Amino acid sequence: VHLGVTPAILRARYNLTAADVGSGQNNSQAVAQFLEQYYHPADLAEFMAMFGRTFPHRSEVDRVVGTQGGGKAGLEASLDIEYIMSTGANVSTWVFTNPGRHESQEPFLQWMVLLSNMSDLPWVHTISYGDDEDSLSTAYMMRLNTEFMKAGVRGISLLFASGDSGAGCRHQGKDKNTFRPSFPASSPYVTTVGGTTFKNPFKVTYEVTHYISGGGFSNVFKMPDYQASAVEGYLKSVTATLPPQSYFNTSGRAYPDMAALSDNYWVVSNRVPIPWVSGTSASTPVVGGMLSLINGQRLSKGLPALGFLNPRLYKLKGQGLFDVTEGCHQGCLDEQVQGKGFCAAPSWDPVTGWGTPNYPALLAALLS
Amino acid sequence: SGYLEYDQDVLLPKDWTHVGRVDPSEEVELTFALKQQNLELLEETLRLVSDPGSAQYGKHLSLQEVASLVRPSELTQKVVRRWLQAHGVSNCRTVRTQDFLQCTMTAEVAEVLLPGSRFHRYVRDRRSIVRSSAPYSVHEEVHQHLDFVGGLHRVPPREKDVRVKHRPSKGE
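Protein chains in written order, with the working numbering: chain C, 1 to 368; chain H, 1 to 172.
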């Protein structure tokens with residue numbers, strides 16, 4: 001029995017032993033924060049003192065790129081840094097802090113520009129921010145997609161949270177709704193992470209869909225080749241539970257790609273342990289930390305970093321992952337879909353992707 | 001002139017409160033995304049280095065190699081710089097891939113440079129930002145050399161993907 005998700009619970013569920021930590025060599029990971037969302041070193045130290053006793057870990061960030069401000073810590077920043085350093089334990093960790101200090105700066109764009117200007121970067125970056133696709137211009141999204149390609153071709157893995165609104169909902173007039181995809185989650189050149197919850201919230205059980213887990217189909221980016229077969233398989237196998245086709249674009253980039261627990265986390269923020277924190281903001285650094293461990297193993301064997309993971313992930317067809325097959329995420333609250341978006345199913349689905357990491361099996365699959 | 005981002009939502013989220021027009025002499029910082037080259041080759045290279053079935057798998061590029069691939073053409077760089085200089089905009093810095101230019105100028109100059117733009121100040125939680133309340137356009141001479149201009153419309157969401165509940169949730 002447990003009272004919420006802590007590093008020990010995550011490590012138990014995903015089969016990380018105390019020996020599964022970074023060796024500290026030539027490997028690093030990062031989280032990006034925007035708009036004066038700061039982590040506090042004291043929160044991280046307290047979190048690790050409370051929850052990090054069962055595995056070797058670091059309690060300090062190695063590098064802050066940007067301005068680390070004072071004032072209150074942000075919950076988002078606290079969560080991201082505490083959990084990427086819990087699964088990616090003992091891995092050198094950076095924080096990119098992009099406060100957008102100039103009144104006309106766009107912090108997300110500043111971060112993207114920064115990546116184009118730094119030759120040495122961590123191999124894994126996790127980002128927990130996103131916007132509705134329909135709130136952004138196509139030109140902007142296409143260009144940022146190119147920036148993600150630039151990072152991927154350098155061997156950098158970019159992980160984005162899939163969002164916390166399930167399939168989302170956009171009202172397009174009287175009695176006409178459609179699902180509402182999120183960007184950058186919908187970019188074909190990032191790895192998007194959805195969310196799950198324990199079947200029994202007080203035990204380490206198998207995982208089911210977390211109803212908030214963002215997922216669906218892009219209206220901007222076409223479906224990349226690497227996922228066509230998986231998505232086609234899903235659409236053919238679940239015809240009975242699919243929402244009406246007017247709600248989504250079956251030829252668009254489908255997401256998420258994988259998932260992890262996203263519910264009932266403990267976070268220390270402003271020196272206060274806070275229970276029941278949830279969101280794909282939690283699952284994304286958790287997956288990022290594990291990919292960092294795998295990168296560490298690969299680098300120690302003289303192999304290159306994983307880089308853009310999706311082509312390889314989809315070729316694994318779920319190998320190394322726990323398939324999540326129960327539950328649906330939320331969608332439009334109308335008569336046609338009655339609040340329901342897509343439902344999880346065996347193999348890939350647009351709620352939890354291929355599933356959640358079984359670390360030793362995923363490591364074995366990605367070490368070859 | 002023409003619009004680079006004709007479909008950009010220019011309305012700020014409701015939690016930002018409008019304060020008023022900015023003084024014409026106040027500085028704004030804009031990011032110009034210059035058109036890159038060889039994007040098809042970039043995409044193909046990414047496919048090859050990311051596909052475990054490819055002989056190129058894992059052969060990642062350095063930042064310098066990426067820069068060589070995507071760097072905007074001489075013409076693009078020249079046209080954009082000339083356009084900026086013609087408006088007295090000289091306080092600019094570029095990046096190693098040379099595909100972004102970040103420039104500082106007064107709001108008055110920015111509104112002439114980008115016809116249609118109207119800079120206003122907005123506040124939320126004691127934080128102040130400057131954004132344009134109307135879509136911007138660019139002169140036809142530079143239209144084909146730019147992807148978009150940053151610093152006019154977009155604000156990051158507030159803790160979009162994290163929430164604290166009042167009780168634990170049950171499994172499905």
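Backbone N, C-alpha and C define an ideal beta-carbon position, used for all residues, glycine too.
Here the structure is a predicted model, which is why all the values come from computation and not from measurement.
From the DSSP output, in three-state form, read off residue 186(C) for me.
As a first step, residue 186(C) is located in the first sequence; it is residue number 186 there, counting from the start. Of the three classes helix, strand and coil, the one that applies to residue 186(C) here is coil, per DSSP.
Can a CB atom of chain C be found closer than 8 Å to the CB of residue 29(H)?
Here residue 29(H) refers to the residue found at position 29 when the second sequence is read from its first residue. Cβ-Cβ to chain C under 8 Å: yes for residue 29(H).
Hey, is residue 149(C)'s beta-carbon within less than 8 Å of any beta-carbon in chain H?
The sequence position of residue 149(C) within the first sequence is 149, counting from 1. Closer than 8 Å to some Cβ of chain H, the Cβ of residue 149(C) qualifies, so yes.
Step through the CB atoms of chain C and report whether any lies within less than 8 Å of the CB of residue 87(H).
As a position in the second sequence, residue 87(H) is number 87, starting the count at 1. No - not a single Cβ of chain C is within 8 Å of the one on residue 87(H).
What are the boundary residues of the alpha helix (DSSP H) that residue 302(C) is part of?
Here residue 302(C) refers to the residue found at position 302 of the first sequence. For residue 302(C), there is no enclosing alpha helix (DSSP H), as DSSP gives it neither H nor E.
Might you give, ordered along the chain, the residues of its own chain that have their beta carbon closer than 8 Å to the beta carbon of residue 344(C), omitting 5 neighbours on each side?
The residue labelled residue 344(C) in the question sits at position 344 within the first sequence. Sequence-distant partners of residue 344(C) (beyond 5 residues in either direction) whose C-beta falls short of 8 Å from its own C-beta, in its chain, are 208, 209, 324, 325, 326, 327, 328, 351 and 352.
Pairs of beta-carbons, one from the stretch 313-322 of chain C and one from the stretch 147-156 of chain C, closer than 8 Å: are there three or more?
Contact between the stretch 313-322 of chain C and the stretch 147-156 of chain C is absent, with fewer than three C-beta pairs closer than 8 Å.
In the stretch 110-139 of chain H, which residues sit with their C-beta less than 8 Å from some C-beta in chain C, listed in chain order?
Listed by position along the chain: 119, 121, 127, 128, 129, 130 and 131.
To which residues of the same chain is residue 219(C) closer than 7 Å at the C-beta, ignoring the five residues directly before and after it?
To locate residue 219(C), count along the first sequence from 1; it is residue 219. So the qualifying residues of the chain are 133, 181, 249 and 252.
What residue from 286(C), 333(C), 296(C) and 341(C) has the CA that sits closest to residue 9(C)'s CA?
In the first sequence, residue 9(C) corresponds to position 9, counting from 1. For the residues 286(C), 333(C), 296(C) and 341(C), the minimum Cα distance to residue 9(C) belongs to 286(C).
Between residue 304(C) and chain H, is the shortest Cβ-Cβ distance under 8 Å, so that the two count as touching?
Along the first sequence, read from residue 1 onward, the residue named residue 304(C) stands at position 304. Taking Cβ atoms only, chain H reaches closer than 8 Å to residue 304(C), which makes this a yes.
Determine the contact status of residue 227(C) and residue 140(C), defining contact as a CB-CB distance below 8 Å.
Residue 227(C) sits at position 227 when you count from the first residue of the first sequence. Residue 140(C) sits at position 140 when you count from the first residue of the first sequence. No, Cβ-Cβ distance for residue 227(C) and residue 140(C) is not below 8 Å.
Beta-carbon separation of residue 123(C) and residue 257(C) under 8 Å?
One-based indexing of the first sequence puts residue 123(C) at position 123. One-based indexing of the first sequence puts residue 257(C) at position 257. Judged by beta-carbon spacing, residue 257(C) lies beyond the 8 Å limit of residue 123(C), meaning their Cβ atoms are not closer than that value.
Under the three-state DSSP convention, the category residue 142(C) falls into:
In the first sequence, counting from the first residue as 1, residue 142(C) sits at position 142. In the structure shown, the three-state DSSP call for residue 142(C) is helix.
Counting only the same chain and skipping the five closest in sequence on each side, list residues whose C-beta sits under 6 Å from that of residue 100(C).
Residue mapping note: residue 100(C) aligns to position 100 of the first sequence, counting from 1. Once the five neighbours on either side are set aside, the close Cβ partners of residue 100(C) are 35 and 107.
Per the contact definition of three or more C-beta pairs closer than 8 Å, is the stretch 269-287 of chain C in contact with the stretch 184-197 of chain C?
Of all C-beta pairs linking the stretch 184-197 of chain C to the stretch 269-287 of chain C, three or more are shorter than 8 Å, placing the two stretches in contact.
Show which residues of chain C have a CB atom less than 7 Å away from the CB atom of residue 24(H).
Residue mapping note: residue 24(H) aligns to position 24 of the second sequence, counting from 1. By Cβ distance, chain C contributes nothing, its closest Cβ being about 14 Å from residue 24(H), past 7 Å.
Distance, residue 333(C) Cα to residue 133(H) Cα
Translated into positions along the second sequence, residue 133(H) becomes position 133. Translated into positions along the first sequence, residue 333(C) becomes position 333. Answer to the nearest angstrom: the Cα atoms are 32 Å apart.
Note down, in chain order, each residue of its chain lying with its Cβ closer than 8 Å to the Cβ of residue 233(C), except the 5 sequence neighbours on either side.
Here the question's residue 233(C) lines up with position 233 in the first sequence. Result list for residue 233(C): 347 and 348, in chain order.
Per the DSSP calculation, residue 171(C) is bridged to which residue(s)?
Position 171 of the first sequence, counting from 1, holds the residue named residue 171(C). Partner(s): 177(C).
Residue 99(H) touches chain C at which residues, Cβ-Cβ below 8 Å?
Counting from 1 along the second sequence, the entry for residue 99(H) is found at position 99. By Cβ distance, chain C contributes 116.
Quick one, are the C-beta atoms of residue 129(C) and residue 156(H) less than 8 Å apart?
Walking along the first sequence from the start, residue 129(C) turns up at place 129. Walking along the second sequence from the start, residue 156(H) turns up at place 156. For residue 129(C) and residue 156(H), yes; Cβs fall inside 8 Å.
Exposed or buried, which one is residue 75(H) when buried takes at least 16 other CB atoms within 10 Å?
If you number the second sequence from 1, residue 75(H) lands on position 75. By the neighbour-count rule (16 or more Cβ atoms within 10 Å), residue 75(H) is not buried but exposed.
Going by C-alpha to C-alpha distance, which of 83(C), 72(C) and 57(C) sits closest to residue 89(C)?
The sequence position of residue 89(C) within the first sequence is 89, counting from 1. Taking each of 83(C), 72(C) and 57(C) in turn and checking the Cα distance to residue 89(C), the smallest one comes out for 57(C).
Compile a chain-ordered list of the residues in the stretch 154-179 of chain C whose CB is closer than 8 Å to at least one CB of chain H.
The residues in question are 154, 155, 161, 163 and 164.
Integer Cβ distance of residue 16(C) from residue 65(C), believed to fall under 8 Å:
The count along the first sequence starts at 1 and reaches residue 16(C) at position 16. The count along the first sequence starts at 1 and reaches residue 65(C) at position 65. That pair is no contact at about 28 Å.
Just reading off the beta strand (DSSP E) that residue 268(C) is part of, what are its end residues?
Start at 1 with the first residue of the first sequence, and residue 268(C) comes out as number 268. Unbroken beta strand (DSSP E) run through residue 268(C): 265-269.
Since residue 342(C) meets chain H, which of its residues come closer than 8 Å, beta carbon to beta carbon?
One-based indexing of the first sequence puts residue 342(C) at position 342. Neighbours of residue 342(C) in chain H, taken as residues whose beta carbon is under 8 Å from its own, are absent, since the nearest beta carbon is some 14 Å off.
Would you mind stating whether residue 292(C) and residue 29(C) have Cβ atoms separated by less than 8 Å?
On the first sequence, residue 292(C) is found 292 positions in, with the first residue counted as 1. On the first sequence, residue 29(C) is found 29 positions in, with the first residue counted as 1. Result yes, Cβ atoms of residue 292(C) and residue 29(C) sit closer than 8 Å.
With a threshold of 8 Å between beta-carbons, can residue 96(C) be considered close to chain H, or not?
Counting from 1 along the first sequence, the entry for residue 96(C) is found at position 96. Taking Cβ atoms only, chain H never reaches closer than 8 Å to residue 96(C), which makes this a no.
Mapping the DSSP letters down to three states, classify residue 80(C) as helix, strand or coil.
In the first sequence, the residue the question calls residue 80(C) occupies position 80. Of the three classes helix, strand and coil, the one that applies to residue 80(C) here is helix, per DSSP.
Near residue 224(C), which residues of its chain fall below 7 Å by C-beta distance, leaving aside the five closest residues on each side in sequence?
Sequence index remark: in the first sequence, residue 224(C) carries index 224 (1-based). Here the set comprises 188 and 253.
Are the stretch 26-42 of chain H and the stretch 144-155 of chain H touching, with three or more C-beta to C-beta distances below 8 Å?
Output reads yes: the stretch 144-155 of chain H touches the stretch 26-42 of chain H.
Using DSSP with H/G/I as helix, E/B as strand and the rest coil, what is residue 30(H)?
Working through the second sequence from its first residue, we reach residue 30(H) at position 30. Correct three-state label for residue 30(H): strand.
Who are residue 122(H)'s beta bridge partners in DSSP?
Walking along the second sequence from the start, residue 122(H) turns up at place 122. Beta-bridge partners of residue 122(H) (DSSP): 18(H) and 129(H).
Looking only at its own chain, which residues have a Cβ that is under 6 Å from the Cβ of residue 427(C), when we skip the five neighbours before and after it?
This structure gives no information on residue 427(C), because the portion of chain C shown stretches from 1 to 368.
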